[in-house]
Amino acid sequence: DTGVSQDPRHKITKRGQNVTFRCDPISEHNRLYWYRQTLGQGPEFLTYFQNEAQLEKSRLLSDRFSAERPKGSFSTLEIQRTEQGDSAMYLCASRMTGGAETQYFGPGTRLLVL
Amino acid sequence: GQQLNQSPQSMFIQEGEDVSMNCTSSSIFNTWLWYKQDPGEGPVLLIALYKAGELTSNGRLTAQFGITRKDSFLNISASIPSDVGIYFCAGLANTGTASKLTFGTGTRLQVTL
């Protein structure tokens, strides 16, 4: 399968714990995006990378959130000191710069904070 | 964050019927995308529109990029049970380095036999 993959697909954690999610984009795509989707809403932009550079961060990305893409391939999203309000689906998408403006999404990681 | 207005919010239709939904924005977009999302899965791209006034088809799906660049429409003809899901529009403003999609609130489609 050559699509965007995310791991884990589901994560249950207790409030205050740290969690880390991974995204592997489509191999030739140099742009990678993170979105958050809460129940009944559309996805909301969190941050994006071009290669290893993080170019934009949303105001939704509090200082407890950090994202990295150290080698310009896979990316990780870490949430420290999780809160119940962090419960959501975290989606990753990728696209090729210069190509069509279409972003392809992974299956998401569903986080539940108890 | 900002979300685009989609209508209707939900609809129940019978198999074989045609479906129309739309998406409106207070700001201009240069690209409109339509996605379908099944429960517990990520959005799957259906149609991409890049030019005002553009009309594009993908099988039974047809979408249009409004000439004001502030709206888009999706039509599904002869619906079938597997059309069930949530349909999202998404706009891309493409200003400066901004490359993020702004999504609509979604239209939930349910198809009865």
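Going line by line, the protein sequences match chains G and S. Take 1061 as the starting number for the first sequence in our numbering and just add one per residue. Take 176 as the starting number for the second sequence in our numbering and just add one per residue. All residues carry an ideal CB built from backbone N, CA and C; glycine is no exception. Note that the coordinates shown come from a computational prediction; the quantities given were computed from them, not determined experimentally.
Taking 8 Å as the upper bound for CB-CB distance, L1151/G and Y1108/G are not in contact here, some 12 Å apart. In this structure, L1092/G lies near S1135/G, with their beta-carbon atoms less than 8 Å apart. Between the region 183 to 192 of chain S and the region 200 to 214 of chain S there are fewer than three C-beta pairs closer than 8 Å, too few to call the two in contact. The three-state secondary structure of D258/S, taken from DSSP, is helix. The alpha-carbon separation between L288/S and E190/S amounts to approximately 5 Å. Sequence-distant partners of R1141/G (beyond 5 residues in either direction) whose C-beta falls short of 6 Å from its own C-beta, in its chain, are G1076, R1124. Short of 7 Å from the beta carbon of E192/S, and not among the five residues preceding or following it, lie these beta carbons of its own chain, in chain order: S254.
Of the residues M1156/G, E1138/G, A1113/G, T1062/G, the one whose Cα lies closest to the Cα of L1121/G is E1138/G. Taking 8 Å as the upper bound on Cβ-Cβ separation, chain G lies near residues L208, Y210, G215, E216, G217, P218, V219, L220, A223, Y225 of the region 208 to 242 of chain S. Interface residue (Cβ-Cβ distance to chain S less than 8 Å): E1161/G is classified as such. Scanning chain S for C-beta atoms nearer than 9 Å to the C-beta of L1151/G yields G217, P218, reported in chain order. Looking at the DSSP output, Y1108/G sits in a beta bridge with Y1093/G, E1116/G. Non-local beta-carbon contacts of R244/S in its own chain, meaning distances under 8 Å to residues more than five positions away in sequence, involve I203, F204, N205, A227 in chain order. For S1147/G, same chain residues with a beta-carbon under 7 Å away, outside a window of 5 residues either side, are L1171, L1172, V1173 in chain order. Annotated as proximal: S200/S and L179/S, with beta-carbon spacing under 8 Å. Judged by DSSP secondary structure, T1062/G falls outside any beta strand (DSSP E); it is assigned neither H nor E. Flagged as an interface residue toward chain G: K275/S, by a C-beta distance shorter than 8 Å.
For G217/S and S252/S, the gap between their C-alpha atoms comes out near 24 Å.
The Cβ atoms of N250/S and T231/S do not sit closer than 8 Å to each other.
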